[in-house]
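Asks: Residue numbers (our numbering): 207 to 631. Every residue gets a Cβ at the ideal spot worked out from N, C-alpha and C, and that includes glycine. Submitted below is the structure of interest, expressed as structure tokens.
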Amino acid sequence: MDKLLVHGGTSLSGSINISGSKNASLPILAAALLTDQQVVIERVPDVSDTNYMLQILSALGCEVERYSGTVKITAAEIRPEAPYEIVRKMRASICVMGPLVARLGRASVSIPGGCVIGDRPIDLHLKGLQAIGANIDTEGGNILIEAKEGLKGQEVDLSGKHGPTVLGTDNLLMAAVLTEGITVIESAACEPEVVDLANFLISMGAKIEGAGTRRITIQGVTSLGGTHHTVIPDRIEAGTFMVAGAIASRSGITLNRIRQDQLTGATEKLTEAGHLVKFNRTGDSVTVTQGDSPSGCSITTAPHPGFPTDMQAQFTAMFATTPGISVIEDTIFPQRFMHCAELTRMGADISVDNGTAVVHGINQLSAAPVMASDLRASAALVLAGLKAKGTTEINRLYHIDRGYEMIDEKLLQLGAKVERTRGSV
Ligand code: EPZ
Numbered sequence: 207m208d209k210l211l212v213h214g215g216t217s218l219s220g221s222i223n224i225s226g227s228k229n230a231s232l233p234i235l236a237a238a239l240l241t242d243q244q245v246v247i248e249r250v251p252d253v254s255d256t257n258y259m260l261q262i263l264s265a266l267g268c269e270v271e272r273y274s275g276t277v278k279i280t281a282a283e284i285r286p287e288a289p290y291e292i293v294r295k296m297r298a299s300i301c302v303m304g305p306l307v308a309r310l311g312r313a314s315v316s317i318p319g320g321c322v323i324g325d326r327p328i329d330l331h332l333k334g335l336q337a338i339g340a341n342i343d344t345e346g347g348n349i350l351i352e353a354k355e356g357l358k359g360q361e362v363d364l365s366g367k368h369g370p371t372v373l374g375t376d377n378l379l380m381a382a383v384l385t386e387g388i389t390v391i392e393s394a395a396c397e398p399e400v401v402d403l404a405n406f407l408i409s410m411g412a413k414i415e416g417a418g419t420r421r422i423t424i425q426g427v428t429s430l431g432g433t434h435h436t437v438i439p440d441r442i443e444a445g446t447f448m449v450a451g452a453i454a455s456r457s458g459i460t461l462n463r464i465r466q467d468q469l470t471g472a473t474e475k476l477t478e479a480g481h482l483v484k485f486n487r488t489g490d491s492v493t494v495t496q497g498d499s500p501s502g503c504s505i506t507t508a509p510h511p512g513f514p515t516d517m518q519a520q521f522t523a524m525f526a527t528t529p530g531i532s533v534i535e536d537t538i539f540p541q542r543f544m545h546c547a548e549l550t551r552m553g554a555d556i557s558v559d560n561g562t563a564v565v566h567g568i569n570q571l572s573a574a575p576v577m578a579s580d581l582r583a584s585a586a587l588v589l590a591g592l593k594a595k596g597t598t599e600i601n602r603l604y605h606i607d608r609g610y611e612m613i614d615e616k617l618l619q620l621g622a623k624v625e626r627t628r629g630s631v
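Here it is as structure tokens:
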């Protein structure tokens, strides 16, 4: 397995282009199942998660073509069974359920396993589909969904104990667009990726109002057509590199092809911590520079438009060497602190208890061999290595390759001293 060697201490500079959003691409690729016409989707990042989704679509019978960031999909003749051996690799595969049951009246998808960031239930996904008439059963580790009497629009509240569900909202949204009558999703997720999916569906002929708010109304149609869509920028990749600028750039790094309105959480907290964040006039480029006297601050994650849980590990890495005390609470995934044990191996002073990490900033981390565990925790370790004394060795790089397109190339372009090598673990 690959590993990344990060030689710390270099000040970053220069600029990179941010890729298209992985988390917008995954449900949009699944939504191709809703039509027998060809869809063309641009700016799909070439990462293992999107490639897993394309493998699943092929296994379901879709014609799939990919060249660079452009994907062409035609779901003319499709099957309702998603293959276990691919689905088990990626939890987001669950978002083929909605389109399959809407298009075919049934679906069989393996129950996703848990993962290191915590319990990943799908009760809200099933609640939404049952509400519009799907019958749910489980057999041999698979979820069997069937709409024996067809689907019928209903009003459904999708809130859970940790708030809205992003992919749960996506699943119901994709089922509802071909469901007779009006479906209303209350407590819907408002993430930009949900809005991008809704825009994709609308361009196919779906009738959707309220995407981006807590209440989405869908008027079912009988069929959808093909379309051509460009995926929004990846706000989490952008946020990750903004933190890289705050940690390790005295002259500033510039990130292009971003959207300012999607980066408010990271911008506010970097500014509060004393770093410089400057957007260009059109809001599609941002320059981040390490502040002269940064200080710790507190973060509590929340559903969009709150601070994204997908950004807390990266900020924890930054706070590890920020003077003062920082408190990071993750209300969405209270167990999402795998990175803290690895940062502690690098000398960080972090205590984690009951979904909250308390960080006492130290002067400098020291490099160590560390283990990537999940996508964002792994990115946090790379960020920590940028300023650590010595060479940090990050093993199991496949975790990062799931959601960061060519992260080593981008870091090299910013002047970081990193190298990808073959690892033994
Ligand atoms: C999406 O996952 C993202 N993944 C995650 O990003 C992100 O962390 C998460 O949303 C929260 O923003 C993709 O978009 C592919 P949820 P999702 O359903 O939709 C609970 C990354 O790093 N819940 O919004 O699976 C759940 O346990 C990934 O790119 C239920 O209780 O997350 C959590 O506490 C990691 N029942 C909360 O809701 C359910 O049926 C939010 O989860 C579903 C979820």
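Which two residues bound the contiguous beta strand (DSSP E) that contains V624?
Replies: Element bounds for V624: K623 to R628.
Asks: Determine whether the beta carbon atoms of E443 and Y610 lie at a separation below 8 Å.
Replies: Cβ atoms of E443 and Y610: closer than 8 Å.
Asks: Given this structure, state the Cα-to-Cα distance separating N462 from I606, to the nearest angstrom.
Replies: Rounded to the nearest angstrom, the two C-alpha atoms are 21 Å apart.
Asks: Considering only C-alpha positions, which residue in the set D580, I323 and A394 is nearest to D363?
Replies: Checking every option, the nearest Cα to that of D363 belongs to A394.
Asks: Start and end of the alpha helix (DSSP H) containing H331?
Replies: Note, H331: alpha helix (DSSP H), D329 to A337.
Asks: Does G324 come within less than 8 Å of chain C when only Cβ atoms are used?
Replies: Absent from the structure is chain C; it holds one protein chain and no more.
Asks: Output needed for D536: all residues of its chain with C-beta closer than 6 Å, excluding positions within five of it in sequence on either side, in chain order.
Replies: Within the same chain, D536 has close Cβ partners T507, T515, Q518, R542 and G561.
Asks: Three or more beta-carbon pairs under 8 Å between the region 372 to 379 and the region 480 to 491, yes or no?
Replies: Short answer: they don't touch.
Asks: Should K228 go down as buried or exposed, given a rule of 16 or more other Cβ atoms within 10 Å for buried?
Replies: It is buried - the Cβ of K228 has at least 16 other Cβ atoms within 10 Å.
Asks: Identify whether N341 lies in helix, strand or coil by the three-state DSSP scheme.
Replies: Strand, per DSSP.
Asks: For K367, which three-state DSSP category applies?
Replies: In the structure shown, K367 sits in coil (DSSP, three-state: anything other than H, G, I, E or B).
Asks: For G621, I'd like the list of residues in its chain whose CB is within less than 8 Å of its CB, leaving aside the five on either flank, ordered along the chain.
Replies: Excluding positions up to five away in sequence, the list reads T216, S217, L218, S219 and G220.
Asks: One question on the structure: do T446 and Q496 come within less than 8 Å of each other, judged by their Cβ atoms?
Replies: No. Outside cutoff.
Asks: By how many angstroms is the C-alpha of E248 removed from the C-alpha of G359?
Replies: Cα to Cα, the separation comes out at about 31 Å.
Asks: Is there contact between the region 292 to 307 and the region 325 to 337, where contact requires at least three CB pairs shorter than 8 Å?
Replies: In short, these stretches touch, since the Cβ pair count reaches three.
Asks: Alpha carbon to alpha carbon, what distance is there between I342 and H566?
Replies: Looking at the two C-alpha atoms, the distance is approximately 48 Å.
Asks: Helix, strand or coil for M575, going by three-state DSSP, please let me know.
Replies: The sequence shown places Pro at residue 575, not Met. Here P575 sits in strand by DSSP.
Asks: Could you tell me whether the Cβ atoms of I224 and Q619 are closer together than 8 Å?
Replies: Result no, Cβ atoms of I224 and Q619 do not sit closer than 8 Å.
Asks: Can A298 be considered in contact with the ligand EPZ, in the sense that its beta carbon sits closer than 7 Å to one or more heavy atoms?
Replies: Yes.
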